[in-house]
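FYI, my numbering numbers position 150 of the sequence shown as 660, with every residue one higher than the one before it. Positions of the beta carbon are idealized from the N, C-alpha and C atoms, including for glycine. Comments concern the structure below.
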Amino acid sequence: AFRLTKPYAPFLENATLGILPKHIWRDVLPAEFALSEYNLRPVGAGPYRAVSFEQNPSGRITAYILESNPHYLPRAPLISQVRFEFFGSGAELEDALSKKTIDAASVPSGLSFGLPRVFGVFFNQNSSIVLAEKSVREALLYATNRSMLVANVLHGEGVSAYAPIPPSTFGALDSGELKTKYAFDPSASALLLQNAGWKDADGDGIREKEIDKKTVPVSFTISTSDAPDLVSTARLLQTMWKAIGADIKLSIFEIGDFEQNVLRPRKYEAVLFGEMFGYDPDPFAFWHSSQRNDPGLNIALYTNPRADTLLQTARATVSSQDRERAYQEFQRLILDEHPAIFLYSPNYTYLPAPSVYIQSITHIVIPSDRFGSVHEWYIKTKKQWKGVK
511 AFRLTKPYAP
521 FLENATLGIL
531 PKHIWRDVLP
541 AEFALSEYNL
551 RPVGAGPYRA
561 VSFEQNPSGR
571 ITAYILESNP
581 HYLPRAPLIS
591 QVRFEFFGSG
601 AELEDALSKK
611 TIDAASVPSG
621 LSFGLPRVFG
631 VFFNQNSSIV
641 LAEKSVREAL
651 LYATNRSMLV
661 ANVLHGEGVS
671 AYAPIPPSTF
681 GALDSGELKT
691 KYAFDPSASA
701 LLLQNAGWKD
711 ADGDGIREKE
721 IDKKTVPVSF
731 TISTSDAPDL
741 VSTARLLQTM
751 WKAIGADIKL
761 SIFEIGDFEQ
771 NVLRPRKYEA
781 VLFGEMFGYD
791 PDPFAFWHSS
801 QRNDPGLNIA
811 LYTNPRADTL
821 LQTARATVSS
831 QDRERAYQEF
841 QRLILDEHPA
851 IFLYSPNYTY
861 LPAPSVYIQS
871 ITHIVIPSDR
881 FGSVHEWYIK
891 TKKQWKGVK
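Have a look at this one:
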């Protein structure tokens with residue numbers, strides 16, 4: 511039994527860990543966990559057990575084979591073997607689907623599940639005199655065409671996001687209301703900037719304003735990783751925001767370099783990135799002021815005493831209604847101050863063959879959750895007389 515000194519709502523998720531046998535992992539350093547070969551030979555008590563894997567000459571895993579665990583309760587899985595195949599390109603995957611050599615795949619159309627992830631642009635107001643002005647951040651908000659981003663970046667497989675907690679996640683604000691309030695409106699952006707003194711006096715297409723006796727343009731740099739979706743998003747934002755007189759530069763980094771030399775030391779003016787929530791939608795790590803510095807994840811460097819109190823209260827309450835109210839009030843504070851512009855929340859899409867019967871899946875947090883009921887899946891077959899073709 512566990513006895514906590516005070517209520518802590520996310521405790522169950524924090525206590526839910528995979529099996530780590532001591533005799534296997536005790537000599538592996540934490541920093542080596544991700545690259546350990548033991549990850550390919552997991553030990554568990556689930557419906558399947560890992561039996562083998564295949565690699566190509568370069569060492570890339572091309573297949574991973576599972577067999578049913580006869581000791582799984584209440585009964586062994588209906589499908590005796592599951593084989594995962596990994597393809598080097600989308601064309602190879604499509605070819606395998608057309609030839610029916612695989613029975614299911616992660617593809618752009620099929621069973622679609624919303625993921626508790628939100629992507630956005632997070633502002634470091636300490637590094638940019640321009641972004642320190644609320645009028646500029648609000649103008650950028652109204653100049654953001656989320657529908658275009660969902661269509662062109664996610665190919666329709668996602669939804670627009672307007673707030674810190676992703677749509678369809680516990681504590682989320684009403685998406686319909688937010689969509690109306692923060693609809694794409696570049697004319698409103700232009701008016702906000704004009705009223706705040708940001709004008710294009712020299713006709714070069716970039717708005718400027720005199721601050722401390724210096725002419726300052728609406729200009730800043732968005733930093734992001736070289737993930738294709740993020741690069742595409744950054745380029746679209748660059749075009750959208752240029753239309754209202756903002757000069758946006760892009761800095762694209764390899765993911766390791768990005769995390770180590772940009773995110774961790776907070777060396778950016780604005781950063782395009784995503785936040786992934788767990789089974790418990792606790793935004794504390796992303797928005798509490800105590801998390802502003804590395805290893806915290808408050809990449810907007812946001813600080814607000816009331817927001818801190820609400821996040822702490824939500825963690826400590828056992829009432830789901832009180833917790834939801836705290837999360838929603840917290841989000842309204844964020845939406846009033848605009849320390850970030852939220853863009854979209856992606857879907858995860860999975861296509862099973864018609865012959866594969868999958869038990870209904872209502873919610874997933876990570877892609878592997880789609881296998882939560884895999885022991886109940888089965889393949890539809892037809893009886894046939896022996897010797898008859």
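Looking from the CA of Trp-797, the closest CA among Ala-824, Asn-655, Lys-890, Asn-662 belongs to Ala-824.
Beta-carbon to beta-carbon, Gly-784 and Val-628 are separated by about 7 Å, close enough to satisfy the 8 Å threshold. For Ile-765, the secondary structure class from DSSP, reduced to helix, strand or coil, is helix. Restricted to the segment 735 to 816, the alpha helix (DSSP H) segments that are unbroken, complete and at least 4 residues in length are 738 to 752, 765 to 768, 794 to 797, listed in chain order. When DSSP states are grouped into helix, strand and coil, Pro-727 belongs to the strand group.
If you draw a straight line from the Cα of Ser-590 to the Cα of Asn-636, it is about 57 Å long. Look at Phe-852 here: in three-state DSSP terms it is strand.
Here Val-828 has Pro-517 as same chain residues with Cβ atoms under 6 Å from its own Cβ, once five neighbours each way along the sequence are excluded. In the DSSP assignment, Ile-534 falls within the alpha helix (DSSP H) that extends over 532 to 535. Remark: C-beta atoms of Val-660 and Tyr-858 do not approach each other more closely than 8 Å. Counted as a single uninterrupted DSSP element, the beta strand (DSSP E) harbouring Glu-577 occupies residues 571 to 578. Distance from the Cα of Glu-577 is smallest, within the candidate group Pro-552, Ala-693, Leu-773, Glu-847, for Pro-552. One Cα belongs to Ser-830, the other to Ser-685, and the distance between them is close to 20 Å. When DSSP assignments are scanned along the segment 648 to 703, the uninterrupted stretches of alpha helix (DSSP H) that are 4 or more residues long and fall wholly within it turn out to be 656 to 662, 685 to 691. Using a Cβ distance threshold of 8 Å, Ile-732 and Val-631 count as a contacting pair. Scanning Ala-826, Ile-851, Pro-864 for the CA closest to the CA of Phe-521 turns up Ala-826.
Taken through DSSP and simplified to helix, strand or coil, Ser-562 comes out as strand. Using a 10 angstroms sphere on the CB of Gly-569, the tally of other CB atoms stays under 16, which defines it as exposed. DSSP places Gly-600 within a helical segment (H, G or I) once states are collapsed to three.
In this structure, the straight-line span from the alpha carbon of Leu-607 to that of Phe-597 is close to 11 Å.
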